[in-house]
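Below is one structure, written out as structure tokens; comments come after it.
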Amino acid sequence: MDWIDILLKVVFAFLMVMVVMTMAGYSVLAERKIASWIQGRVGPNRTALPGLSSIPVLGPMLVKMGIWQPLADGVKFLFKEDPIPGHVKKFYYVLAPMISLAPALITMVVLPFGVYYVDGQAMPLVLANVDIGILFILAVSSLGVYGIVIGGWAANSKYPFYGGIRSSAQMISYELAMGMSILPVLMWANGPAGGLGDLTLYNVVTSQQAVWLVFWMPVPAFVFLVSLFAETNRMPFDAPESETELVGGFHTEYGSFKFGLYFVAEYAHMIIGSAVFTLLFLGGWQLFPTFGILPDWVANPWAGWGWIGSVLSVLVFIGKLLFFIVFFIWVRWTLPRFRYDQIMNLGWKYLVPIALACIFIYALIIAGWDLMVAVENTPAEVVQPDGQVVTQQEDLITH
Amino acid sequence: MAKVVERKPLSFLEKTYIPQIVGGLTITLKNVFRPKVTLQYPEERPPIPQGYRGIPALVKDPHGREKCVSCQLCEFVCPPKAIRITPGEIAEGSENEHVEKAPEDFEINMLRCIYCGLCQEVCPEEAIFLQGDFNSLVGTTREEFVNHKDKLYELGGTRPDEHYKWDKKKEAAEQAAAGGHH
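Respectively, the protein sequence lines represent chains P and S. As numbered in our numbering, the first sequence has no gaps in its residue numbers, which increase by one up to the final residue, 424. As numbered in our numbering, the second sequence has no gaps in its residue numbers, which increase by one up to the final residue, 187.
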């Protein structure tokens, strides 16, 4: 690898962190605004930047939308006194917010967020197109719970401790349902949809050209979405935080920028979660599903448009992602919190069995599909280590 | 007699929570498009109801005479002892010479005032009013919260007078002096 390649990767990574963190900051604003609207209020509409806000029409409009509020919040968090209470375990207390944020930033390495074309060949816009894509995301994003558990334990007082315990229990319960709800998707992507036989999210997205999986697999999609709410500790599953019972839950003892990190981490996890849902079930950056009737170009109308097409595909992806962030917020300000035992009930007694049943049913359907339809397809050619080209059917017969 | 409340078992759909969640989401979505109830405070002011007890202030009559005669009734009645009056004489030759007295200084400590309105009720001269307004009470020191005489008159302004008690008294006295009729 050339040094310029490495430099480019670093620049891209930096850009992506910037974009995701900005989006996390502005999701906080969206949260406050939408909460206000739902409750008949206006939301933050006063923060003004000295120079920019005096632009005739645009300035006051931006101020009304609260565009500068996240900036002010960030500056506030930065300049507040950062006390460390005397009774905490200092090393872990400082470490925990970082652990909470880091997984969200790491998972976005394998998130494809758009498509570009080289000689008519579609390539994903992604920092690292790793074969194990979705496994990587599942593995790393669940590390985020360590931030909460360690934070709750390091704070060394009872309410944060409860928050940490609840968080770990919740994570264990829902991680299972989440992982299992993805299996039908991967079976589909690598089976009848003619995938390449790997776990990259790009593969999953291209397999959805005919039909977005949210239409074809609504139940796994629902299970995944519910688990996503639980994993990101959002209402109605915010038992780890539950400010009405546990003061502030795991972050009771945190203040200023460390609290800010927790806060941003929650939103970063939300963004990554929404992105994964979009990729797995909502066709990623594709504009419309073809449903097998419409011409193929409706999925990627920008295929021949060069870099403009790439930008458009990214915008479509971000649009779908934003819809989910708004949905997260909307749900939060609608539903009350589940009781702790209800959370456990829902996870173990309903979501896990449903996910298992889905695996079973879709496995049957996909196997049947393969037997009925896919056999007629041209068998794939496999190059063996000795250079001999073998078609897969011969392969099956000989071995 | 104890009444037995019959609780129907939840139907399958209700057990999934989904219809209720969808219902809740529709309600909150409808709320988004309803008019906002927020009052943009410094720019918009709330309507103040009749009889609202705001900041106590001294008033002048339409001729510009300060009505307080420093009888100190309000000072005595004030439950939290927020009022302190320094009585003073009216200078000879002033056009208000016929009035009994006037306060040299009139202090109301807004850190003590409880807005009970007893001072307004007790005042025989109708000189002190809890104006139907809450002028923003802001300050950084204790001294700033003590309203002195000039501030009190500035807050109070002028009120219509129905009696002109002292003018009538003066007239009566003048008529009596001129050998008035009875």
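By construction, the Cβ of each residue, glycine as well, lies at the ideal position given by its N, Cα and C atoms.
Continuous alpha helix (DSSP H) stretch holding residue i: start and end
{"i": "M196(P)", "result": "K183 to N215"}
{"i": "G50(P)", "result": "W28 to I63"}
{"i": "K105(P)", "result": "Note, K105(P): premise wrong, no alpha helix (DSSP H); not H, not E."}
{"i": "T303(P)", "result": "S281 to F306"}
{"i": "I318(P)", "result": "Counting along the chain, I318(P) falls outside any alpha helix (DSSP H), and DSSP gives it neither H nor E."}
{"i": "D366(P)", "result": "Y365 to N370"}
{"i": "C79(S)", "result": "L78 to V82"}
Contacts of residue i in chain P (Cβ-Cβ under 7 angstroms)
{"i": "I26(S)", "result": "L360"}
Rounded straight-line distance, which links the Cα of residue j to that of residue i
{"i": "I32(S)", "j": "F38(S)", "result": "10 angstroms"}
{"i": "W310(P)", "j": "P245(P)", "result": "20 angstroms"}
{"i": "Y120(S)", "j": "P61(S)", "result": "7 angstroms"}
{"i": "G331(P)", "j": "L130(P)", "result": "29 angstroms"}
{"i": "E268(P)", "j": "P361(P)", "result": "12 angstroms"}
{"i": "C124(S)", "j": "L96(P)", "result": "49 angstroms"}
{"i": "G122(S)", "j": "T145(S)", "result": "26 angstroms"}
{"i": "D30(P)", "j": "L337(P)", "result": "25 angstroms"}
{"i": "L381(P)", "j": "M212(P)", "result": "14 angstroms"}
{"i": "L389(P)", "j": "S299(P)", "result": "29 angstroms"}
{"i": "Y287(P)", "j": "L18(S)", "result": "37 angstroms"}
{"i": "R89(S)", "j": "F111(S)", "result": "6 angstroms"}
{"i": "W327(P)", "j": "A180(P)", "result": "52 angstroms"}
{"i": "V272(P)", "j": "A255(P)", "result": "20 angstroms"}
{"i": "A177(S)", "j": "E102(S)", "result": "15 angstroms"}
{"i": "L201(P)", "j": "E278(P)", "result": "30 angstroms"}
{"i": "N36(S)", "j": "P67(S)", "result": "51 angstroms"}
{"i": "F102(P)", "j": "V119(P)", "result": "15 angstroms"}
{"i": "L96(S)", "j": "V82(P)", "result": "A small fix is needed here, since residue 96(S) is Ala in this sequence, not Leu. Taking the straight line from one Cα to the other gives about 59 angstroms."}
{"i": "V3(S)", "j": "G162(S)", "result": "The requested residue 3(S) is not part of the displayed model; chain S covers only 6 to 187."}
{"i": "L152(P)", "j": "A38(P)", "result": "7 angstroms"}
{"i": "G393(P)", "j": "V341(P)", "result": "34 angstroms"}
{"i": "A183(S)", "j": "A107(S)", "result": "28 angstroms"}
{"i": "V230(P)", "j": "A49(P)", "result": "24 angstroms"}
{"i": "G169(P)", "j": "P14(S)", "result": "39 angstroms"}
{"i": "V351(P)", "j": "L304(P)", "result": "17 angstroms"}
Helix, strand or coil at residue i [DSSP, three-state]
{"i": "V356(P)", "result": "helix"}
{"i": "P110(P)", "result": "coil"}
{"i": "L63(S)", "result": "strand"}
{"i": "M260(P)", "result": "coil"}
{"i": "L150(P)", "result": "strand"}
{"i": "R141(P)", "result": "According to the sequence as given, residue 141(P) is Tyr; it is not Arg. Looking at Y141(P) - three-state DSSP - the assignment turns out to be strand."}
{"i": "A235(P)", "result": "coil"}
{"i": "I157(P)", "result": "coil"}
{"i": "I92(P)", "result": "coil"}
{"i": "P128(P)", "result": "helix"}
{"i": "I113(S)", "result": "strand"}
{"i": "A380(P)", "result": "helix"}
{"i": "G326(P)", "result": "In the sequence on display, residue 326(P) carries Pro and not Gly. If DSSP states are grouped into helix, strand and coil, P326(P) belongs with coil."}
{"i": "G19(S)", "result": "The residue you asked about is not Gly; residue 19(S) is Glu in the sequence shown. Helix, per DSSP."}
{"i": "A179(P)", "result": "helix"}
{"i": "P265(P)", "result": "coil"}
{"i": "P108(S)", "result": "strand"}
Residues that residue i contacts on chain S, provided the C-beta gap is smaller than 7 angstroms
{"i": "V67(P)", "result": "K41 and T43"}
{"i": "I63(P)", "result": "T33, N36 and V37"}
Amino acids of chain P, ordered along the chain, whose beta-carbon sits closer than 8 angstroms to that of residue i
{"i": "L30(S)", "result": "W355, V356 and T359"}
Extent of the continuous beta strand (DSSP E) run through residue i
{"i": "I90(S)", "result": "I88 to G93"}
Which parts of the segment 115–184 of chain S are runs of the alpha helix (DSSP H), unbroken and 4 residues or longer, counting only runs that do not cross its ends?
Every alpha helix (DSSP H) of 4 residues or more that sits fully in the segment 115–184 of chain S is shown, in chain order, as 123–127, 154–161 and 170–182.
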